[in-house]
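Sequence positions in the sequence shown follow UniProt numbering and run 1 to 221.
All C-beta atoms, glycine included, are put in the ideal place defined by N, C-alpha and C.
Note that this is a predicted model, so its numbers are computed, not measured.
What follows is a single structure, written as structure tokens, with notes after it.
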Amino acid sequence: MTVISEWLSWRSDMRAITITGGTAGGFFQDFVQRRQTELTSYSIRSIRNFVCGSKFKNVQTHNENSNGSPTARTEGGFIVKRPRKRPIGGEVSELDPFLLLDHFGPVEYGPGEAVGAPDHPHRGFETVSYIVSGSMQHKDSAGNSGTLSEGWVQWMTAGSGVVHSKMPSDDIIKNGGKIEGFQLWVNLRAEEKMIPPRYQDTPPERIPVVPTADGKVTVKV
């Protein structure tokens with residue numbers, strides 16, 4: 001079944017998920033053992049079950065926000081908005097390789113209030129994160145770490161599997177500040193699902209910017 005077919009059959013009862021507890025490590029190991037055979041494509045249901053599997057405790061649902069988009073709360077309490085009634089790009093015949101699009105923030109935190117997404121597993125796909133405002137720190141089970149600030153892009157390839165966290169920077173946790181960004185989930189081809197995990201962090205000065213003819217809009221490419 002194609003990803004879009006799975007989306008259409010599932011979206012009628014799709015709900016935002018809250019994860020308020022659980023151990024990522026044990027869940028990740030169990031997941032890998034059950035997925036020794038590579039899949040040609042992860043369905044939306046597979047991705048949801050991977051991130052929000054039964055090994056996590058106290059899974060709850062949330063209502064949609066005022067514009068009809070559901071909100072999902074990560075295990076750290078960080079809220080993201082995720083399209084529900086329309087797949088990415090509107091009414092398209094195929095969704096693969098684009099799986100999910102999350103918009104986090106904008107949220108203005110006071111000192112000591114900022115929350116993020118602590119350790120959680122990914123496997124078999126990639127995430128592309130863009131920071132609109134604020135700064136986030138990332139760490140993973142392979143020992144990688146870094147800070148993404150306004151205008152930065154991170155392309156993370158989960159591949160064979162990685163447990164990582166994405167949290168507000170120490171400065172925002174201590175002093176407060178605004179955080180906003182986007183994260184796109186991109187499927188990997190079957191032959192690439194078990195490649196080693198890797199990161200590519202790109203600062204804003206390395207991202208080409210193209211203005212429109214009237215100069216009123218710029219596009220980052």
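Residue i, buried or exposed, once every other Cβ within 10 Å from all chains shown has been counted against 16
i: Gln183; result: buried
i: Ser149; result: exposed
i: residue 285; result: The requested residue 285 is not part of the displayed model; the chain covers only 1 to 221.
i: Ile207; result: exposed
i: Gly112; result: exposed
i: Gly143; result: exposed
i: Lys193; result: buried
i: Pro121; result: buried
i: Gly110; result: exposed
i: Thr218; result: exposed
Identity of the residues DSSP links to residue i by a beta bridge
i: Arg123; result: DSSP lists no partner for Arg123.
i: Asp96; result: DSSP lists no partner for Asp96.
i: Ala117; result: Lys166
i: Met136; result: Leu148, Pro168
i: Glu180; result: Ser133
Closest Cα partner of residue i within the set the options
i: Gln154; options: Met136, Ser141, Gly161; result: Met136
i: Val186; options: Lys216, Val115, His103, Asp96; result: Asp96
i: Ser141; options: Arg198, Asp214, Ser129; result: Arg198
i: Gly105; options: Pro208, His120, Lys178, Thr147; result: Lys178
i: Ser189; options: Asp102, Arg123, Ile79; result: It should be pointed out that residue 189 corresponds to Arg in this sequence rather than to Ser. Among Asp102, Arg123, Ile79, the Cα nearest to that of Arg189 belongs to Arg123.
i: Phe98; options: Tyr109, Ile79, Phe125; result: Phe125
i: His138; options: Leu100, Ser165, Asp170, Lys220; result: Ser165
i: Glu205; options: Lys220, Pro196, Ile195, Val80; result: Lys220
Limits of the alpha helix (DSSP H) - the one that residue i falls within
i: Lys216; result: That residue, Lys216, is in no alpha helix (DSSP H); it is neither H nor E in DSSP.
i: Asn175; result: 170-175
Distance CB(residue i)-CB(residue j) smaller than 9 Å
i: Gly116; j: Pro168; result: yes
i: residue 226; j: Ser145; result: Summary: the structure shown does not reach residue 226, with the chain confined to residues 1 through 221, and so no result is reported for it.
i: Trp152; j: Thr212; result: no
i: Ala114; j: Ile173; result: yes
i: Asn131; j: Val107; result: Checking the sequence shown, residue 131 turns out to be Ile, not Asn. It is not a contact, given that the beta carbons lie outside the stated cut-off.
Residue interval of the beta strand (DSSP E) (run including residue i)
i: Gly146; result: 145-149
i: Thr212; result: Premise fails: Thr212 is in no beta strand (DSSP E) and is neither H nor E.
i: Arg189; result: Per DSSP, Arg189 belongs to no beta strand (DSSP E) and is neither H nor E.
i: Met156; result: 153-157
i: Val80; result: 79-81
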